[in-house]
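Chains A, B, C and D supply the protein sequences, listed in that same order.
Counting from 1, one number per residue, gives the positions in the first sequence under this note's numbering.
Counting from 1001, one number per residue, gives the positions in the second sequence under this note's numbering.
Counting from 2001, one number per residue, gives the positions in the third sequence under this note's numbering.
Counting from 3001, one number per residue, gives the positions in the fourth sequence under this note's numbering.
Think of the CB as a built atom: it goes at the ideal place given N, C-alpha and C, for glycine as much as any other residue.
All remarks here apply to the structure that follows.
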Amino acid sequence: MALDPSRLRAEFPILSRRIGDRPLVYLDTAATSQKPRAVIDAMTRYYEQMNANVHRGAYRLSEEATAMYEGVREKVARFLGAPGPEGVVFVRNTTEAINLVAHAWGRKFLKAGDEVLLTEMEHHSNLVPWHLLAKERGVVLRHIPITDDGRLDLSRLDALLGSRTKLVSLVHVSNVLGTVNPVEDVVRAAHRVGALCLVDGAQAVPHRPVDLAAIGCDFYAFSAHKMYGPTGIGVLWARPEILAGMDPFMVGGETILEVRLDRSTFREAPYRFEPGTPAVAEAAGLGAAIDWLTALGLDAVEAHETALVDHAWRRLAEVPGIRMYGPSSGPRAGAVCFTTDPIHPHDLATCLDQDGLAVRAGHHCAQPLMTRLGTVATARASFGVYTLPSEIDLLVDSILRTREFFGCR
Amino acid sequence: MALDPSRLRAEFPILSRRIGDRPLVYLDTAATSQKPRAVIDAMTRYYEQMNANVHRGAYRLSEEATAMYEGVREKVARFLGAPGPEGVVFVRNTTEAINLVAHAWGRKFLKAGDEVLLTEMEHHSNLVPWHLLAKERGVVLRHIPITDDGRLDLSRLDALLGSRTKLVSLVHVSNVLGTVNPVEDVVRAAHRVGALCLVDGAQAVPHRPVDLAAIGCDFYAFSAHKMYGPTGIGVLWARPEILAGMDPFMVGGETILEVRLDRSTFREAPYRFEPGTPAVAEAAGLGAAIDWLTALGLDAVEAHETALVDHAWRRLAEVPGIRMYGPSSGPRAGAVCFTTDPIHPHDLATCLDQDGLAVRAGHHCAQPLMTRLGTVATARASFGVYTLPSEIDLLVDSILRTREFFGCR
Amino acid sequence: MSLESLYQEIIMEHFKAPRNRGELGQPDVSISMNNPFCGDDITLHLSLKDGKVSDVKFRGRGCAISQASASLMTEILQGKPLPDAMASAALFKKMMRGETKKHEADPLGDIVALEGVRKFPVRVKCALLAWSAFEEGVKGKK
Amino acid sequence: MSLESLYQEIIMEHFKAPRNRGELGQPDVSISMNNPFCGDDITLHLSLKDGKVSDVKFRGRGCAISQASASLMTEILQGKPLPDAMASAALFKKMMRGETKKHEADPLGDIVALEGVRKFPVRVKCALLAWSAFEEGVKGKK
Ligand SMILES: Cc1ncc(COP(=O)(O)O)c(C=O)c1O
Ligand SMILES: Cc1ncc(COP(=O)(O)O)c(C=O)c1O
């Protein structure tokens, strides 16, 4: 079933906001998505009816909250096509998920000379944790290059993989280029040399069906706030047998089995990795977001957004002096990046804001990719289920007006 | 001005819930507090009107969200009596705050033979992070003992402090005993030997005025969810000059200055310690909780709750066979712990739940303290601004009924 | 759910007068386990002779549910061939997960009185503690 | 706030034709700085003779605001005694924080046209980049 975005939009209270005298045109979903009423209400309902600390209370509220919280763990597993809930660790966001792997797995199993293979299109969150590990432990970082049209250059993959490669960590969908990477192929290649594979799914989960059984990776990370869920919660999925072998990282309440004054033993995963009181209300919100997205149908979401991206590429091509980044044909998801010389993306964003349009300008937390693309900053318009083709038309109009204002056409 | 809890209660939607055919009597505020409408609404409003990622967007929504988020940082500083917002790091909860210090400060500055002084009444969250550090780095842990009535035995303090002591980390208010520790004195003693001092304020901030200028500590930690705010956010306050010298811990978006493929430089504190998209909506909720508590007046809150604790000690003393833990006179806050042999606290909690009463039973994440008290588990009733003396009377009635059911009187 | 149906007479009786409390002189299996949620613990001693549980004793601190469960368990295990004892453990766990059909758990005897605990999720761990210790203790034995 | 009042004519003019772009052969101060929010960067070269900013050049990539600010800054600094130049930097920052009184910033000249940027918090960093580089570069010099 195709989406009906104009009906959908009514479910997002913020979309009736005005910016000055203009309606809000929100084109920054890749930074964070807006939230449907179902998600907001799920959290309100949690606080109004069920709020209690989880796991320990021998009373009704706490049992209900625990059942909900653990139920969302199962829901996440089903949503990702993971075999069971044991591999689902609730974290704050994608960034924390990757840091958790770098600390609890990386610092335990990687030694000097071991290699971690990244790509040139990673978000800082999948670069900087590995920089620290490289500095601390002498782990060597390598990078899969990209082609000029913004795809992974997989012809280089076999040369980059070797017996020293212990982990391949890559983005599923680029937050800059919109490229959908063939992660299945990379996972297979990684496994062939005995390396594990982490997939950063922050920009995939909101936009297309994700099936971990098909992908075959060992770690998968995403943030709720980018998939119509709340801030403050995200997920690291890890293969349970790998999770079981990882060292404790942040520790305290909930993570322990037994504590003496001078030592402690730890609980099984995933609990070992959820220190202190978790984001319980946020779990309720994440659960609601999954239900809501599932009811829409991820296939329909993907179709809707592919059409939007295609429309955006077509319409933006009409703008004089525009430069588009990323693959000129599919598979693409969610975002289009561009510059319109000589107007700096920052100036462009400010001018578009005057027309009520919210786009992002800058390096999009992907400075090395910007360098590879030969720029320091781009403008990015990114889409969600609520985005209308007519909003992309407004974007093009507003860019043209800005060019006029800057005296270029 | 004294609190009017019966009027206050109307602000907490959950308090009209029923457990079976009984009204909910929530006596587990120390585990997590209930939330007033003002806090729930602040988050709903955020999602409905302002939701955007912070710090990077050159458009209105993002500017508003950023101003709100940074405004809450300033609000937290004022609330704690800290000089400015630079020392306020948003974390998930108290547990993460302490882990952050153990990693970003401890692993940088502590070496084998250095000592960290804890106490016998710490929550696991202020024990286990130090156990890991002890194991990894050979740091030596020592503990301030407690007296039989549940106070810190400060006569031992000078003997425990020495030139090797690098950190004293202790709880402000015990989550088990209700003891309010004289943290000012401990901080002064710690500073005399050149040690820093961390105060775990999880159970203090909700119950009494906290003034960091007066306490003089170097780190202070608390969780929003225990002070009428949302889950998913907490605070580490650290003296800015100490924070500035700490190593990055979890890293990624928001924490960086410049990223190359193989290395990165980091932003100034506190941003260096807030990896990825933060808990923005939760910050809105925390801000609302602070406003709400401040409007009530922490002095009034303290007076109300001191009266409740006194009432509880008095009434519970009527129960045959009861054993109370903690100081038999003030200063005390928030919680009373007890056992009623031969009924196990777990059985007691289950029986009380049948009457709609939510109390906690177990080790309260303080196993070493339980050992010191000569038990493995206690029951705990803990209070908040909405607690009524009559609820404590219901507790006593229900305990008496349970004793009857168990055939003991 | 009433208190009476949770704390049935047979449970209260075993709680107040637990069977087989104590230690064995030369146990073939000695295992201690604790419940991380409440700190309760159990130490279980087993003698295994001729493929049978020839003797069993327990010590521990815990609630009525965990103590009654341990006491009732010792009665069930006493003298049972090891495979049968293990089958009983499996059946008990199945019952506590709510997966047994009507009357399926009847062979366990009096301990079916603990089925009501299922309504109290955190308490299920109390009922399972002794059984988990048993299973862990005989792991790899046959 | 209209675009016209943000991007005033003088700003657009300096953006399109920036003054003092380039490098110095033997600068006394050479400093590079970047804006972590957008990746924009600046390299500033200064000659300091007889306690004066005797020459100044900049290079960099950035938006209209940052480029115009840098260009206007070089005009202000050119030939100024170092203490006066530093005072100008302090005054400019004060203006961008919104702490100057009416007409207090007038001595800065054309660059007061940037005051409108204050309404755009993330853009304030753009306007400050060149000035921060200057302050960092002459730190400790007198
Ligand atoms: C004294 C004390 N410290 C730390 C914590 C841990 O708080 P959180 O679970 O929010 O991290 C608690 C709460 O249980 C506590 O009572
Ligand atoms: C591809 C990708 N990875 C990681 C992240 C980091 O997500 P978060 O900020 O929620 O940790 C983002 C979001 O900006 C992203 O787009």
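Within 10 Å of its beta-carbon, does residue i have 16 or more other beta-carbons around it, so buried, or fewer, so exposed?
i	result
B/H1364	buried
B/H1124	buried
B/T1147	exposed
D/Q3026	exposed
B/S1223	buried
B/R1208	buried
D/E3004	exposed
When the Cα of residue i is compared with those of the options, which residue comes out closest?
i	options	result
C/H1943	C/S2032, C/K2141 and C/L2114	Lying outside 2001 to 2142, the shown extent of chain C, residue 1943 of chain C is not represented and no answer is given.
A/P248	A/W105, A/A366 and A/G321	A/W105
B/H1055	B/M1324, B/M1068 and B/G1216	B/M1068
A/Q34	A/Y386, A/F405 and A/T402	A/Y386
B/R961	B/C1217, B/G1356 and B/G1234	Within the shown structure, residues of chain B are numbered from 1001 to 1409, placing residue 961 of chain B beyond reach of any answer.
A/E268	A/A288, A/D28, A/A244 and A/T44	A/A244
B/G1276	B/D1262, B/E1258, B/L1286 and B/V1251	B/V1251
A/A295	A/P13, A/P36 and A/T32	A/P36
A/P240	A/L257, A/G229, A/F266 and A/P270	A/P270
B/T1066	B/G1081, B/G1084 and B/Y1046	B/Y1046
C/F2037	C/E2135, C/A2133, C/K2057 and C/R2123	C/R2123
B/T1371	B/N1051, B/R1272 and B/E1122	B/E1122
Which residue marks the beginning of the beta strand (DSSP E) containing residue i, and which one marks its end?
i	result
A/E258	I256 to V259
A/G234	G234 to A238
B/S1169	T1165 to V1171
D/R3043	One point to set straight first is that residue 3043 of chain D is Thr, not Arg, in the sequence displayed. It spans D3041 to K3049 - the beta strand (DSSP E) in which D/T3043 sits, taken as one unbroken run.
D/M3033	V3029 to N3034
A/Y220	F219 to S223
B/F1266	S1264 to F1266
B/L1198	L1196 to D1200
In terms of residue numbering, what span does the alpha helix (DSSP H) encompassing residue i cover?
i	result
B/W1105	That residue, B/W1105, is in no alpha helix (DSSP H); it is neither H nor E in DSSP.
A/C351	P345 to Q354
B/T1044	R1037 to Q1049
A/D299	L298 to L316
A/D158	L157 to L160
A/D397	P389 to F405
B/Q1367	Q1367 to L1373
Looking only at its own chain, which residues have a Cβ that is under 7 Å from the Cβ of residue i, when we skip the five neighbours before and after it?
i	result
D/G3051	P3081 and L3082
A/V116	W130, V139, L141, K166, L167 and S169
A/T340	V319, G321, I322, L348, I399 and R403
A/M1	G297 and A300
Which same chain residues, not among the five before or five after residue i, have their C-beta less than 8 Å away from its C-beta?
i	result
A/A349	V359, R360, A361 and A379
C/A2064	Y2007, I2011, M2012 and F2015
B/R1188	G1216
B/R1107	L1133, E1136, R1137 and D1247
Tell me which same chain residues have a C-beta within less than 6 Å of the C-beta of residue i, skipping the five on either side of it?
i	result
A/P278	F90
B/V1301	V1385
A/A190	V168 and C197
B/V981	The structure shown does not extend to residue 981 of chain B, since chain B is modelled only from 1001 through 1409, so no value can be given for it.
C/K2094	T2100
A/C351	T402
Strictly by DSSP, which residues pair up with residue i?
i	result
B/M1324	B/F1338
A/I19	A/R22
D/R3021	D/F3058
B/R1360	B/R1380
D/P3081	D/K3052
B/L1118	B/H1143
A/F90	A/V235
B/L1152	B/I1146
Using 7 Å as the cut-off, classify the Cβ of residue i as near or not near the heavy atoms of ligand 3, replying yes or no.
i	result
A/K75	Ligand 3 is not among the ligands present in this structure, which contains only ligand 1 and ligand 2.
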